[in-house]
Amino acid sequence: MSIAAAEPAAPARSIDPAHVFWILAAIVTAAIVMLPAEALPAWARKYPAAWQLPFAAWISSFTKWLMDSASFGLFTVRDLTRAISWLLDQPLSLARAVFATGFVRGQGSDAVTVFPAIPWFSMVIAATAAGYAVGGRRLALGMAAGLLYLAVFGQWTSAMVTLASVLVSSVLGSIGGLLIGLACVRWRWLERAAAPFLDIAQTMPVFAYLLPMLILFGFGPVSAMVATVIYALPPMVRVTILAIRAVPEEIEALGRMTGCTRRQITWKMLVPTALPALMVGVNQVIMLSLNVVIIASMIGAGGLGWDVLTALRSLNIGKGLEAGIAITVLAILLDRFAQALALRAGAVEAEDAARRRKAFVSSALAIAVAFWLLTALFPAIAPYPEAWKLSTAPYWGQFVSWINVTFFSTLEAIRTAVLLNILVPVKRFMLALPWPWVVFLVTAIGFRLGGWRLALTVGLMAAFPALVGLWPATMITVYLCGVAVVIAALIGVSIGIVAAGRPRLWRTVEIVIDTLQTLPTFVYLIPIVMLFRVGDFTALIAIVLYAVAPAIRYTAHGVSRIAPELIEAGVMTGCTRRQILTRIRLPLATPEILLGINQTILLALSMLVITALVGTRDLGQETYSALAKADVGRGVVAGIAVAFIGMIADRLVSAAAAGMKARRGPPQ
-2 MSIAAAEPAA PARSIDPAHV FWILAAIVTA AIVMLPAEAL PAWARKYPAA WQLPFAAWIS
58 SFTKWLMDSA SFGLFTVRDL TRAISWLLDQ PLSLARAVFA TGFVRGQGSD AVTVFPAIPW
118 FSMVIAATAA GYAVGGRRLA LGMAAGLLYL AVFGQWTSAM VTLASVLVSS VLGSIGGLLI
178 GLACVRWRWL ERAAAPFLDI AQTMPVFAYL LPMLILFGFG PVSAMVATVI YALPPMVRVT
238 ILAIRAVPEE IEALGRMTGC TRRQITWKML VPTALPALMV GVNQVIMLSL NVVIIASMIG
298 AGGLGWDVLT ALRSLNIGKG LEAGIAITVL AILLDRFAQA LALRAGAVEA EDAARRRKAF
358 VSSALAIAVA FWLLTALFPA IAPYPEAWKL STAPYWGQFV SWINVTFFST LEAIRTAVLL
418 NILVPVKRFM LALPWPWVVF LVTAIGFRLG GWRLALTVGL MAAFPALVGL WPATMITVYL
478 CGVAVVIAAL IGVSIGIVAA GRPRLWRTVE IVIDTLQTLP TFVYLIPIVM LFRVGDFTAL
538 IAIVLYAVAP AIRYTAHGVS RIAPELIEAG VMTGCTRRQI LTRIRLPLAT PEILLGINQT
598 ILLALSMLVI TALVGTRDLG QETYSALAKA DVGRGVVAGI AVAFIGMIAD RLVSAAAAGM
658 KARRGPPQ
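Okay, here's the thing in structure tokens:
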């Protein structure tokens, strides 16, 4: 017998069915796109108008009937909504009076200021004291520096209007989210029923909220506040559910043993125990509320959002950036304050230190109130002196103009190359896909990743744009969002991998991505429009900048949290650094990376709607046009289509990440 015959035969290499599925899907898709137009029936290329369902007309008719004819007997729906609007206007008017306008009697030319708003120096003192009480000396200095920036650069009045709106919206959103979350914890059926509405509320463009709120509550800051609360409430609901269920069962059992009622267990045991986690939800509500201020200014919110919007319309880059940076400063201050509150909720302080801190804060607040009362006697000292104000607006405009003049040829070459080689081919490819094949492919992917339930859910969502006549706009949305997500994922995953093992570099990267996430969405558009004019390329850059942060953050988190034992095992077996990265870190971190990409998709969709202002022709343009034409049905239907795109991506990516975690199992 020969040596070759004695050797055992190599095991046959099995073919992964998943690879076969993806390869066949890609081949069939390419073949369908390459077919001539006459090879497919007309109804497959373009959804017939006779088959479309007039959802937009139904919604518009229902809204008109609701506001014109619907009645509860003693009062109409319009009377009810106007009463709610008046009720919500009371805390908002009070907050605006305290922070911005002062207490005024009369209207128009007959208006008389009864008592002034809190002056800038009293606000700085009070905020510094509050920062010291919550987070110590470092937060106190940060609060003082941030508020002084707003005063020095002439943004004080607008910033206080925005602060008043955000505070009231955040309080309402946090309380509403807490109550709904507690109800979902108590009644599981309510959680299941509320889940789709929360998904739609979180993924639907804010533009789609504005018009119904405008019709229901009238033009003004109340409508903007209601839209803001609806947009910012879902994260608080979800955080409340997770935080309350994470409370150890022993605490609730102790409450029952001591004879506490259900209400006492909830408000005296569960909620206080979960308070640090609940503050994370409050922080999210504040950040989302600030993210909506510019859009809400379209229906009367005013403040810094209106300043940014007017700057965008006039392409005044300096004014827009200053107002945008002011929103960012405000967001950072509120974010740091909310984080400090969350940390302090579970901290225990020594009695002497607490007494000294309380004495200092009480004295500072007394001084702030005394100065405020002094401005009532001497109103001239209240405003920040004009001679002390600074402005960087002219320098920003000159800087962008210099870049335009100096690098025009280079910038135009980059724009043209990306358009011709990436954007236009992908756009044509997406528009060439027959709608039945796209719906079938999405359904098949859902079945492959999560079974029949997921397949049916995503399949119906994918068919919705065709049913309502928005298929071309949906494909343009998917194309632009898809290209932006791929670019953001490539950049974000690469930066996250590099920064994961380098703490000093990660601190720098974290500052950059925090700034990118707190900058208002409109602020991205102003310099990019100045450099590249309007169009898909401008929208692409803005989307990538806004959506890249989660890809970086989740990648760095996933790569850095791999168990050290696994890394040591790889080193002991002789793996190089590249092999440790490609064969240990990245495979184990893939579920986390997918979750980051999922968040990137959702942020890209939210930014895509904003980019309708720079000339895109997608679903964002549909919602914006509907707002301009007061077409409620059209705006809501387009918003639901955008929400369904985000929900499809969320369901599929989450199912893929869950499948990877299940196959991997716990690390041994």
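Counted the way our numbering counts, the sequence shown spans residues -2 to 665.
Glycine included, C-beta positions come from ideal geometry on N, C-alpha and C.
Can you list, in chain order, the residues of its chain with a C-beta nearer than 6 Å to that of Leu318? Leave out the 5 residues immediately preceding and following it.
Taking the first residue of the sequence shown as 1, we reach residue 318 at position 321. Result list for Leu318: Trp393, in chain order.
When you compare only the Cα positions, how much space is there between Thr552 and Ala497?
Within the sequence shown, the letter at position 555 stands for residue 552. Within the sequence shown, the letter at position 500 stands for residue 497. Using only the alpha carbons, I get a separation of about 8 Å.
Is the Cβ-Cβ distance between Ala361 and Ile122 less than 9 Å?
As a first step, residue 361 is located in the sequence shown; it is residue number 364 there, counting from the start. As a first step, residue 122 is located in the sequence shown; it is residue number 125 there, counting from the start. Going by C-beta atoms, Ala361 is nearer than 9 Å to Ile122.
From the DSSP output, in three-state form, read off Arg614 for me.
For this step, residue 614 is matched to residue 617 along the sequence shown. Coil, per DSSP.
Per DSSP, which one or two residues make a beta bridge with Val109?
What you label residue 109 is simply residue 112 of the sequence shown in a count that begins at 1. Answer is Arg102.
Helix, strand or coil: how does DSSP classify Thr255 here?
Numbered from its first residue, the sequence shown carries residue 255 at position 258. Note: Thr255 maps to coil in three-state DSSP.
Ala560: which of Ala323, Ala548, Arg575 and Ala586 sits nearest, CA to CA?
Taking the first residue of the sequence shown as 1, we reach residue 560 at position 563. For Ala560, the nearest C-alpha among the options comes from Ala586.
For Leu446 versus Ala652, is the C-beta spacing smaller than 9 Å?
As a position in the sequence shown, residue 446 is number 449, starting the count at 1. As a position in the sequence shown, residue 652 is number 655, starting the count at 1. Yes, Cβ-Cβ distance for Leu446 and Ala652 is below 9 Å.
Between Thr325 and chain E, is there a C-beta pair that is closer than 9 Å?
Absence of chain E from the displayed structure is noted, only one protein chain being present.
Touch check for the stretch 259 to 279 and the stretch 204 to 212: three-plus C-beta pairs under 8 Å?
No, because fewer than three Cβ pairs between the stretch 259 to 279 and the stretch 204 to 212 fall closer than 8 Å, the two stretches do not touch.
I'd like to know whether the C-beta atoms of Ser162 and Val282 end up nearer to each other than 9 Å.
Counted from its first residue, the sequence shown places residue 162 at position 165. Counted from its first residue, the sequence shown places residue 282 at position 285. It is not a contact, given that the beta carbons lie outside the stated cut-off.
Which residue spans inside the stretch 424 to 463 form an unbroken alpha helix (DSSP H) run of at least 4?
Entirely contained in the stretch 424 to 463, the alpha helix (DSSP H) runs reaching 4 residues are, in chain order, 432 to 447.
Comparing alpha-carbon positions, which option in Thr258, Ala337, Ala339 and Val226 lies nearest Asn288?
Residue 288 sits at position 291 when you count from the first residue of the sequence shown. Among Thr258, Ala337, Ala339 and Val226, the Cα nearest to that of Asn288 belongs to Val226.
In this structure, does DSSP put Ser66 in helix, strand or coil?
Mapped onto the sequence shown, residue 66 falls at position 69. Coil at Ser66, not helix or strand.
Which class does Thr73 belong to by DSSP, given the choice of helix, strand or coil?
Translated into positions along the sequence shown, residue 73 becomes position 76. DSSP places Thr73 in strand when its eight states are reduced to three.
Tell me whether the beta-carbon of Leu695 lies closer than 9 Å to the beta-carbon of Leu50.
Since the first and last residues shown for the chain are -2 and 665, residue 695 lies out of range.
Can you tell me which of the three DSSP states Cys572 falls into?
Position 575 of the sequence shown, counted from the first residue, corresponds to residue 572. Of the three classes helix, strand and coil, the one that applies to Cys572 here is coil, per DSSP.
Are the CB atoms of Leu175 and Met233 nearer to each other than 9 Å?
Counted from its first residue, the sequence shown places residue 175 at position 178. Counted from its first residue, the sequence shown places residue 233 at position 236. In contact: Leu175 and Met233 (Cβ atoms closer than 9 Å).
Between the C-alpha atoms of Thr39 and Asp615, what's the straight-line distance to the nearest angstrom?
Stepping through the sequence shown from its first residue, residue 39 is reached at position 42. Stepping through the sequence shown from its first residue, residue 615 is reached at position 618. Note on residue identity: the sequence assigns Ala, not Thr, to residue 39. Ala39 and Asp615: Cα-Cα distance of roughly 23 Å.
Val165 lies in the alpha helix (DSSP H); which residues open and close that run?
Start at 1 with the first residue of the sequence shown, and residue 165 comes out as number 168. Trp153 to Arg183 is the span of the alpha helix (DSSP H), which, as asked, contains Val165.
In this structure, how does DSSP classify Gly630 when only helix, strand and coil are distinguished?
Your numbering for residue 630 matches position 633 in the sequence shown. Helix at Gly630.
Apart from the five residues on each side of it in sequence, which residues of its chain come closer than 7 Å, Cβ to Cβ, to Ala97?
For the purposes of this step, residue 97 is identified with residue 100 of the sequence shown, where counting begins at 1. If we look at Ala97 and ignore the five residues flanking it on each side, its Cβ neighbours are Ala114, Thr154, Met157, Val158 and Ala161.
Given a threshold of 16 other Cβ atoms within 10 Å of its Cβ, counted over all protein chains shown, does Lys626 qualify as buried or as exposed?
The residue you call residue 626 lines up with position 629 of the sequence shown. When all chains shown are included, Lys626 counts as exposed.
Can you check which of these residues, Lys61, Ala536, Pro588 and Ile598, is closest to Thr613 by C-alpha distance?
Your numbering for residue 613 matches position 616 in the sequence shown. Comparing Cα-Cα distances from Thr613 to each of Lys61, Ala536, Pro588 and Ile598, the minimum goes to Ala536.
Report the three-state DSSP secondary structure of Tyr44 (helix, strand or coil).
Along the sequence shown, one-based indexing puts residue 44 at 47. Coil.
Use the C-beta contact count for Gln395: other C-beta atoms within 10 angstroms, 16 or more gives buried, fewer gives exposed.
For this step, residue 395 is matched to residue 398 along the sequence shown. Exposed, by the Cβ-count rule.
Tell me whether Ile508 is buried or exposed, calling it buried when 16 or more other Cβ atoms sit within 10 Å of its Cβ.
Within the sequence shown, residue 508 is the residue found at index 511, counting from 1. That one is exposed.
So, does the stretch 316 to 332 touch the stretch 519 to 532, judging by three or more C-beta pairs under 8 Å?
Flag = yes, the stretch 316 to 332 and the stretch 519 to 532 touch.
Which residue wins for smallest C-alpha separation from Pro667, given the options Met64, Leu145 and Ala240?
Residue 667 cannot be examined here, being either before or after the span of the chain that is shown, -2 to 665.
Quick one: using the 10 Å Cβ neighbour count with 16 as the cut-off for buried, is Gln666 buried or exposed?
Lying outside -2 to 665, the shown extent of the chain, residue 666 is not represented and no answer is given.
Return the CA-CA distance between Leu600 and Ala659, expressed in angstroms with no decimal places.
The sequence position of residue 600 within the sequence shown is 603, counting from 1. The sequence position of residue 659 within the sequence shown is 662, counting from 1. Near 27 Å, if we compare the C-alpha coordinates of Ala659 and Leu600.
What residue from Val397, Met604, Phe461 and Lys61 has the CA that sits closest to Trp48's CA?
Taking the sequence shown and counting its residues from 1, one reaches residue 48 at position 51. The candidate whose alpha carbon is nearest that of Trp48 is Phe461.
Excluding the 5 residues flanking Gly151 on each side, which residues of the same chain have their C-beta closer than 6 Å to its C-beta?
Start at 1 with the first residue of the sequence shown, and residue 151 comes out as number 154. Lys386.
Taking Glu409 as part of the alpha helix (DSSP H), name the residues at either end of that continuous run.
Position 412 of the sequence shown holds residue 409. Here the alpha helix (DSSP H) through Glu409 covers Phe405 to Val415.
Keeping to the same chain, check which residues put their C-beta closer than 8 Å to that of Ala198; ignore five residues upstream and five downstream.
Counted from its first residue, the sequence shown places residue 198 at position 201. Cβ within range, chain order: Ile227, Tyr228, Leu230 and Pro231.
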